[in-house]
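> Protein chains in written order, with UniProt numbering: chain A, 1 to 207; chain B, 1 to 207.
C-beta atoms are modelled at their ideal positions from N, C-alpha and C, and glycine is treated no differently.
What follows is a single structure, and I will ask about it in a moment.
Number of protein chains: 2
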Amino acid sequence: MKKPATPTVEPEGKGSETRERILTAAEDLLRRHGLAKTTVVDVARALEMSHANVYRHFASKTELQDAVAQRWLHRIMEPLRAIVAEDGSAAERLERWVMTLAAQKRAKVLNDPELFAAYHAVAQAARAVVEAHIDELLDNVAAIIRDGVERGEFKVADPRAAATAVLNATSRFHHPYHVKESGGRDTSDEIRDVFKLVLAGLRSGTL
Amino acid sequence: MKKPATPTVEPEGKGSETRERILTAAEDLLRRHGLAKTTVVDVARALEMSHANVYRHFASKTELQDAVAQRWLHRIMEPLRAIVAEDGSAAERLERWVMTLAAQKRAKVLNDPELFAAYHAVAQAARAVVEAHIDELLDNVAAIIRDGVERGEFKVADPRAAATAVLNATSRFHHPYHVKESGGRDTSDEIRDVFKLVLAGLRSGTL
C-alpha cells in the first residue's frame, strides 16, 4: 500500500503487518531509552527501514506514540472485555472486572517499570487516546450494571452515571498515578472494602 | 530561649512568635520562588535575621519545609474538625465533611496555584507529615461513622476500616494529584453520586 495508514482503521495484509512491526520496535525502544530519547529515526534504524517508510504509516512522532499507547491499552482491555461478555452474576462480574483492571495495572508496574513509566508519559500526552480508553471503561461497567438491573440484582435508574461513580470510587486502585505511587503494593483488601460499599449502593436504588 | 525548638511542641511566648514569623516568611518565599529556589538563608534575609537564629528553630531546610506543610494542613483541617465536633445527622455531616475537604483542596488550586504547587512538592517530600495528615482524616471519618452507628443511622462493625474505604472511594476528589490534574474543575455532582453509593454501603452493614 502506498497511502498513509490511518491510526484507527487498518486494512489487513502487508501494510498492517509493517504497522505492527513499527509499533513493536517503538515499544522496545521506549522500554530501553524512554519517551524523550526515542525518535522516529531510531525506530526506522532499528527496523533497517527508511524513516520515510515509517512516516508512511505514522505521520508524526505524536501519531506513533498515540498508536503505541492505544495498542497497550487494547491489550489491558482484553480480559476486561471477556468479563463483560460473560453470563452470570453481575455483582460477581463487576467485582472481578474491578479487581482485574487493578491487577493489570499493578502487573505493569511490577514486571516492567520502565515501560510503564514510558506508557504513563505517552498516556498523559495522548489525551484523545486516554479519553477513548476511559469511554471504553465506562461502557464496560455500564453494560455489567445494565445486566445486573435485568437480572434483578441491581436497582439503578441511570447506568451510565452509576458507571462513572463506580470508576471514580475505585480510581484510587487503577489510576496510573496511584498505581505508580504505591509501587505495585497489593491493595486487594482495600479494593474489596470499597467494592462492598459500591455494591450496596448499586442494590439500594440510590442512583 | 537559647535551646533549639522542637518542631511539634512549642512553648508559648517569644520563641513561638519567632517560629510563626519564620513560617510565614518561608510560605511567602515558597509562593514567589518555589521550593527548589527557597533556602534557609533567603528566609533569614527576608526577616533581617541571622540564619543561625532560623536554625535555632528549624534544624534543617527539611524541618522547615515539614513545619510549613504541617501548618498548611492544619489550616485545611479547621473546618473539617468543626464538622466532626457538631451534633446532628451523621450522614449529612459525613457528606458535608467530604464536600468541604474537596472544596478546600480545590480552593487552593484556584486561588493560589503557585503556592499549591509548592505545597504539593513539600507534601510529597514530607512523608511523615502526610502520614499524620491522613491519620487525622481517618480519625475524623471514623468518629462521624461511630456517631452514625450510635444514632442508629449506620450499620458498621469496623469504623476504622469503613473510614479507610470512604477516603479511598472519594480520593479522586481530594487527592492533590487529581485536584491539580482537574485544574480546579467543580466535581460536586460526581462527588455526590459516589457519596450516594458510600452512604448506602454504610447503612447496609456490609463493613
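Does any residue of chain B have a CB that is nearer than 9 Å to the CB of N140 of chain A?
no
> Under 7 Å, CB to CB, which of the residues in the region 165-177 of chain A have a partner in chain B?
A165, N168, A169, S171, R172 and Y177
> Between A:R21, A:T24, A:L199 and A:D186, which lies nearest to R106 of chain A when the distance is taken from Cα to Cα?
A:D186
> At 8 Å on the CB atoms, spell out the chain B contacts of G201 of chain A, in chain order.
Simply K196, L197, V198, L199, A200 and G201.
> Indicate whether the contact test is met: 3 or more Cβ pairs, each with one atom in the region 161-170 of chain A and one in the region 137-151 of chain A, closer than 8 Å.
yes
> To the nearest angstrom, how far is the alpha carbon of H51 of chain A from that of A44 of chain A?
Roughly 5 Å separates the two Cα atoms.
> Report buried or exposed for A200 of chain B, applying the criterion of at least 16 other Cβ atoms within 10 angstroms of its Cβ.
buried
> What does the alpha-carbon distance come out to for the pair V109 of chain A and W72 of chain A?
13 Å
> Just checking: is the beta-carbon of E190 of chain B within a distance shorter than 9 Å of some beta-carbon in chain A?
yes
> Spatial neighbours of A118 of chain B within its chain, please: CB distance less than 7 Å, with the 5 preceding and 5 following residues excluded, ordered by chain position.
L30, R31, G34 and L35
> Would you grab the beta carbon distance between N168 of chain A and V194 of chain B for me? Rounded to a whole angstrom, and I think it's under 8 Å.
5 Å
> Please list the partners that L193 of chain B has in chain A, where partner means a Cβ-to-Cβ separation under 8 Å.
Sequence check: residue 193 of chain B is Asp here, not Leu. Within 8 Å Cβ-Cβ: A161, A162, T164, A165, N168 and L207.
> Find the nearest neighbour of A103 of chain A within the set A:L202, A:L197 and A:R192, judged by alpha-carbon distance.
A:R192
> List the residues of chain A whose Cβ lies closer than 9 Å to the Cβ of S204 of chain B, in chain order.
K196, L197, L199, A200, G201, R203 and S204
> Mind checking which residues open and close the alpha helix (DSSP H) that includes K37 of chain A?
First-last for K37 of chain A: undefined, no H or E at that position.
> Below 8 Å on the Cβ atoms is my guess for A91 of chain A versus E153 of chain A; work out the distance and round it to an integer in Å.
6 Å
> By DSSP, does K3 of chain A sit in helix, in strand, or in coil?
Unreliable positioning characterises K3 of chain A in this predicted model, as indicated by a pLDDT of 44, which lies under 50. A coordinate reading is not provided.
> Measuring alpha carbon to alpha carbon, tell me which of B:S188, B:R21 and B:A67 ends up nearest L47 of chain B.
Each of B:S188, B:R21 and B:A67 was checked against the Cα of L47 of chain B, and the nearest Cα belongs to B:R21.
> Alpha carbon to alpha carbon, what distance is there between V129 of chain A and D66 of chain A?
Roughly 6 Å separates the two Cα atoms.
> What is the C-beta distance between L197 of chain B and T206 of chain A, in whole angstroms, given that I count them as a contact (C-beta under 8 Å)?
7 Å
> Does DSSP put A59 of chain A in a helix, a strand or coil?
coil
> Pick helix, strand or coil for E86 of chain A, following the three-state DSSP scheme.
Annotated three-state conformation of E86 of chain A is coil, per DSSP.
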